[in-house]
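Here's the structure we're looking at; comments come further down.
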Amino acid sequence: MGRIYLGEFEELILLTVGVLYKEAYAVAISKEISKQADRSVNVSAVHKSLYRLEEKGMLKSMLSDPESKRGGKRKRIFIITAYGKKALDESMDLRMSLRKQITDLSLKW
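Start counting the sequence shown at 131; every next residue gets the next number (this note's numbering).
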């Protein structure tokens, strides 16, 4: 199998799912990205990416128990799969490899 390709937003979603662990649902992910990256994120964009990453096998989801404070609604909680972790590892390795190749001279303007 070849290299696993992740977009920047997909990578951010996967990382945030890992940070939130068992509390990783769309609204919480959106809030955490806003807090950590100082970036506004639309919940519908998070939903779309979560489902796309689940289709790719990088995430799996389950429904939480119903919550009375949510009117008996359940949250869809996401967790990273082994394939998702592999994608993150490959992405980090590529970034680090490229960063190490930049000479100090090329960073001076």
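Built from N, CA and C at the ideal position, the CB exists for glycine as well.
Is leucine 189 helix, strand or coil when you go by DSSP? If you number the sequence shown from 1, residue 189 lands on position 59. Leucine 189 falls in the strand class under three-state DSSP.
If distances are taken between C-alpha atoms only, which option among Asp168, Ser194 and Val157 comes closest to lysine 203? Translated into the one-based positions of the sequence shown, residue 203 becomes position 73. Cα-wise, what sits closest to lysine 203 is Ser194.
If we ignore side chains and look at the alpha-carbon of each, how far apart do glutamate 162 and glycine 132 end up? For the purposes of this step, residue 162 is taken as the residue at position 32 of the sequence shown. For the purposes of this step, residue 132 is taken as the residue at position 2 of the sequence shown. Each residue's CA atom was taken as its position, placing glutamate 162 and glycine 132 some 31 angstroms apart.
Answer yes or no: do valine 173 and valine 149 have a C-beta to C-beta separation smaller than 7 angstroms? Residue numbering aside, residue 173 sits at position 43 when the sequence shown is read from its first letter. Residue numbering aside, residue 149 sits at position 19 when the sequence shown is read from its first letter. Between valine 173 and valine 149, the C-beta gap is not smaller than 7 angstroms, which leaves the two residues out of contact.
On the three-state DSSP scale, how would you describe isoleucine 232? Here the question's residue 232 lines up with position 102 in the sequence shown. Reduced to three states, the DSSP call for isoleucine 232 is coil.
Less than 7 angstroms separating the beta-carbons of glutamate 141 and serine 221? The sequence position of residue 141 within the sequence shown is 11, counting from 1. The sequence position of residue 221 within the sequence shown is 91, counting from 1. Less than 7 angstroms separates the beta-carbon of glutamate 141 from that of serine 221.
Residues of its chain near glycine 187, where Cβ-Cβ distance is below 8 angstroms and the 5 sequence neighbours each way are ignored: Walking along the sequence shown from the start, residue 187 turns up at place 57. Thr211, Tyr213 and Gly214, listed in sequence order.
What is the DSSP secondary structure of isoleucine 207, counted as helix, strand or coil? Within the sequence shown, the letter at position 77 stands for residue 207. Assigned with DSSP and collapsed to three states, isoleucine 207 falls in strand.
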